[in-house]
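Visitor:
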Amino acid sequence: MNVLTDNFSTFGDGFLGTVELTVYASVLALVLGFLMASFRVAPVGSLRVFGTVWVTVLRNTPLTLLFFAVLLGLPRFGLVLPFKVFAVLALGCYTSAFICEALRSGINTVPRGQGEAARSLGMSFGQSLGLVVLPQAFRSVIPPVGSTLIALAKNSAIAGAFSVTELLGTYRTLSELGYNIVWTFVWIALGYLIITLAISALFNALERKWGVAR
Amino acid sequence: MAVDPLIELRDVNKYYGELHVLQDINLTVGKGEVVVVIGPSGSGKSTLCRAINRLETIESGTIELDGRPLPEEGKALAKLRAEVGMVFQSFNLFAHKTVLQNVSLAQIKVRKRKRDDADKRSMELLDRVGLASQAPKFPAQLSGGQQQRVAIARALAMEPKALLFDEPTSALDPEMINEVLEVMRQLAHDGMTMVVVTHEMGFARSAANRVVFMADGRVIEDRTPEEFFTNPRSDRAKDFLSKILKH
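Those protein sequence lines, which keep their order, are chains R and P. Under this note's numbering, think of the first position of the first sequence as 58, with each following residue one higher. Under this note's numbering, think of the first position of the second sequence as 86, with each following residue one higher.
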């Protein structure tokens, strides 16, 4: 029981590390996912191809492999960044593929006529997507995007294997100090629960505010 | 024709796969003219209407607006669409915007008007279609007839040179059809150039300058309503009229 009280700062650092990874990677995933979803429905063929390749490659690569590729691969091309930044990049890009597909399914729920009406009024592709289609798609993608970000929070544990400070990685320090491994994991699990339940609460609130009224 | 042509289609062809939906269509609509397009379902009349502002692409032929051919894509096409209003069968009001925002949105984003000016003009137009009191409501709170009148106001807000109507009353309850037709009649009276795809023969008779009868992707007849309804030339038109005018 005193694992937590004795090592509160270790747990705290790990918890904050995971929160940081989750927040930064979420922002990156949302931005990239939004961009890729726009590409995939764009009238320009090359953009559609780019979006499709992006999703296919990242969605079908095991995340651990992607971490290896980013953390060991990019430095070979002269790109040397802190491991934490690499971890955010890997997590963010990986999750963006799932966000993209969630957004795209949302776009498909918006009746075709909405985009046609926007275009018939002289709006550009960007305007009709940004002002008419996506705001309506957004309402129906709140739940799947929430699930995807919860998965991201849990996937961030892989970064611990690459010596980035995060919650799961704290168990190594503590087990070396001889603490009971079971209790260590209980507290770690509770830490993840706090983060994922916070994401759930956020998305429930978003859904109440913006969700499709029926 | 004495009047200036505003919309000109020459030898327009379109296919859906094997299906030849528009076959060598030639049609000229003059400034201020009201052309009603009628015909059995599947005759290509909606496709024709949608091709005029390039919601449907065509395989061959030319479509000109005010003497300029339709641009393929991009900014030029968007600019042209702003000049040609479109009213849809299913209204297509923006579901997440209020009535007022629906009418103002494109004025602000496309015409770059200030919000206050746009809203002022929107209220005038809503007043004109008899719906100023509904401005703060969302489309789903209105009846079909009211939604369609808002859609007309939204198209008018862009000050278009012409308006296209794609079966504007086909999704409406019978009692709501007249309120929409009345607004359209008023527009025709005010000299708006209109292409109207419809099944409302009463409207065709009273408001149209010309009736275009289409069947199987071709224009079969193109005449004044009086001539067309009292003395159709083709068997296809006689058959069509006998079916719809019997009741």
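All residues carry an ideal CB built from backbone N, CA and C; glycine is no exception.
Across which residues does DSSP place P/ILE92 in a beta bridge pair?
Guide: Answer is P/VAL114 and P/LEU150.
Visitor: Sorry if obvious, but does the Cβ on P/MET299 come closer than 7 Å to a heavy atom of the ligand NAP?
Guide: Questions concerning the ligand NAP fall outside what the structure shown contains, since it holds no ligand whatsoever.
Visitor: To which residues of the same chain is R/ALA246 closer than 7 Å at the C-beta, ignoring the five residues directly before and after it?
Guide: Correct list: empty, nothing qualifies.
Visitor: Find the nearest neighbour of P/MET277 within the set P/MET261, P/PHE250 and P/SER255, judged by alpha-carbon distance.
Guide: Ranking the options by Cα distance to P/MET277, first place goes to P/PHE250.
Visitor: Under 7 Å Cβ to Cβ from R/VAL76, same chain only, skipping five residues before and after it: list those, please.
Guide: If we look at R/VAL76 and ignore the five residues flanking it on each side, its Cβ neighbours are ILE252.
Visitor: Roughly how many whole angstroms lie between the Cα atoms of P/LEU227 and P/ARG234?
Guide: For P/LEU227 and P/ARG234, the distance between alpha carbons rounds to 10 Å.
Visitor: State the Cα-Cα distance for the pair P/VAL367 and R/ILE207, rounded to the nearest angstrom.
Guide: In the structure displayed, chain P extends from 86 to 332; residue 367 of chain P sits before or after that span and is not available.
Visitor: Just to confirm the assignment: which complete beta strand (DSSP E) runs, minimum length 3, are found wholly within the segment 187-234 of chain P?
Guide: Listed in chain order, there is nothing to give.
Visitor: For chain R, check one thing: does any of its Cβ atoms lie closer than 8 Å to the Cβ of P/MET86?
Guide: Here the model assigns P/MET86 a pLDDT of 48, short of 50, so the residue's position is not dependable, and the following value carries that caveat. Not an interface residue.
Visitor: Report the neighbours of R/GLU173 on chain P: residues whose CB is nearer than 9 Å to its CB, in chain order.
Guide: Neighbours of R/GLU173 on chain P, chain order: ARG135, LEU140, MET171, PHE173 and ASN177.
Visitor: Rounded to a whole number of angstroms, what is the C-alpha to C-alpha distance between R/VAL137 and R/VAL84?
Guide: Answer to the nearest angstrom: the Cα atoms are 22 Å apart.
Visitor: Between the segment 181-194 of chain P and the segment 204-216 of chain P, can you find at least three pairs of beta-carbon atoms closer than 8 Å?
Guide: The segment 204-216 of chain P is in contact with the segment 181-194 of chain P.
Visitor: Can you give the beta carbon distance from P/ASP138 to P/VAL114, rounded, assuming they're within the 8 Å contact cut?
Guide: Before going on, a small fix: residue 138 of chain P reads as Asn here, not Asp. Actually they are not in contact, since the Cβ atoms of P/ASN138 and P/VAL114 sit about 13 Å apart, beyond 8 Å.
Visitor: Near R/LEU263, which residues of its chain fall below 6 Å by C-beta distance, leaving aside the five closest residues on each side in sequence?
Guide: Once the five neighbours on either side are set aside, the close Cβ partners of R/LEU263 are ILE199.
Visitor: What is the DSSP secondary structure of R/THR62, counted as helix, strand or coil?
Guide: Helix at R/THR62.
Visitor: When you compare only the Cα positions, how much space is there between R/ARG161 and R/GLN193?
Guide: Cα-Cα distance, rounded: 12 Å.
Visitor: Would you check if there are 3 or more beta carbon pairs closer than 8 Å linking the segment 121-140 of chain R to the segment 213-223 of chain R?
Guide: Judged by Cβ distances under 8 Å, the segment 121-140 of chain R makes contact with the segment 213-223 of chain R, as three or more pairs qualify.
Visitor: For chain R, is any of its Cβ atoms less than 8 Å away from the one on P/GLU158?
Guide: Closer than 8 Å to some Cβ of chain R, the Cβ of P/GLU158 qualifies, so yes.
Visitor: Nearest chain R C-beta to P/ALA203 closer than 8 Å, yes or no?
Guide: It does not: the Cβ of P/ALA203 has no partner Cβ on chain R nearer than 8 Å.
Visitor: Find out if the Cβ-Cβ distance for the pair R/LEU178, P/MET279 is shorter than 8 Å.
Guide: Cβ atoms of R/LEU178 and P/MET279: not closer than 8 Å.
Visitor: Using only CA atoms, which one of R/VAL110, R/LEU209, R/MET93 and R/THR230 lies nearest to R/ASN64?
Guide: The residue with the shortest Cα to Cα distance from R/ASN64 is R/THR230.
Visitor: Given a limit of 7 Å on CB to CB distance, which residues of the segment 194-221 of chain P reach chain R?
Guide: For the segment 194-221 of chain P, which is checked against every Cβ of chain R, the residues closer than 7 Å are LYS194 and VAL195.
Visitor: Cβ closer than 9 Å: which chain R residues qualify as neighbours of P/MET243?
Guide: Per Cβ cutoff of 9 Å: LEU178 and GLY179.
Visitor: Residues of chain P with a CB under 7 Å from the CB of R/LEU188: which are they?
Guide: Chain P residues near R/LEU188: LEU190 and LYS194.
Visitor: I need the DSSP call for R/ILE256, collapsed to helix, strand or coil.
Guide: Helix, per DSSP.
Visitor: Quick one: is P/ARG200 buried, meaning 16 or more other Cβ sit within 10 Å of its Cβ, or exposed?
Guide: When all chains shown are included, P/ARG200 counts as exposed.
Visitor: May I ask you to report which of helix, strand or coil DSSP gives P/MET86?
Guide: Any reading at P/MET86 must be qualified, since the residue scores a pLDDT of 48, below 50, and its modelled position is unreliable; the value itself is stated next. DSSP places P/MET86 in coil when its eight states are reduced to three.
Visitor: Quick check: the Cα distance between R/SER185 and P/HIS181, rounded to an integer number of angstroms?
Guide: Cα to Cα, R/SER185 sits roughly 13 Å from P/HIS181.
Visitor: Closest to R/VAL142 by CA distance: which of R/LYS211, R/LEU78, R/THR62 and R/PHE242 is it?
Guide: The shortest C-alpha separation from R/VAL142 is found at R/LEU78.
Visitor: Compute the beta-carbon to beta-carbon distance between P/ILE123 and P/ALA289, rounded to the nearest angstrom, for a pair I have assumed lies under 8 Å.
Guide: Indeed they touch by this definition, with Cβ atoms about 6 Å apart.
Visitor: In chain P, which residues lie less than 9 Å from R/GLY170 when you measure between Cβ atoms?
Guide: Residues of chain P passing the Cβ test: PHE173, GLN174, SER175, PHE176 and ASN177.
Visitor: Please decide whether P/ALA163 counts as near chain R, where near means a Cβ-Cβ distance under 8 Å.
Guide: Chain R contact via Cβ: present.
Visitor: Under 8 Å between the Cβ atoms of R/GLY71 and R/THR241?
Guide: Not closer than 8 Å, so no.
Visitor: Just verifying my parser: in three-state terms, what is the DSSP assignment at P/ARG308?
Guide: P/ARG308: strand per DSSP, three-state reduction.
Visitor: Within the 8 Å Cβ cut-off, does R/PRO44 reach chain P?
Guide: No answer is possible for residue 44 of chain R: it lies beyond the span of chain R, which begins at 58 and ends at 271.
Visitor: Rank R/TYR81, R/ALA94 and R/ARG265 by C-alpha distance to the C-alpha of R/ARG196 and give the top, closest one.
Guide: Nearest of R/TYR81, R/ALA94 and R/ARG265 to R/ARG196, Cα basis: R/ARG265.
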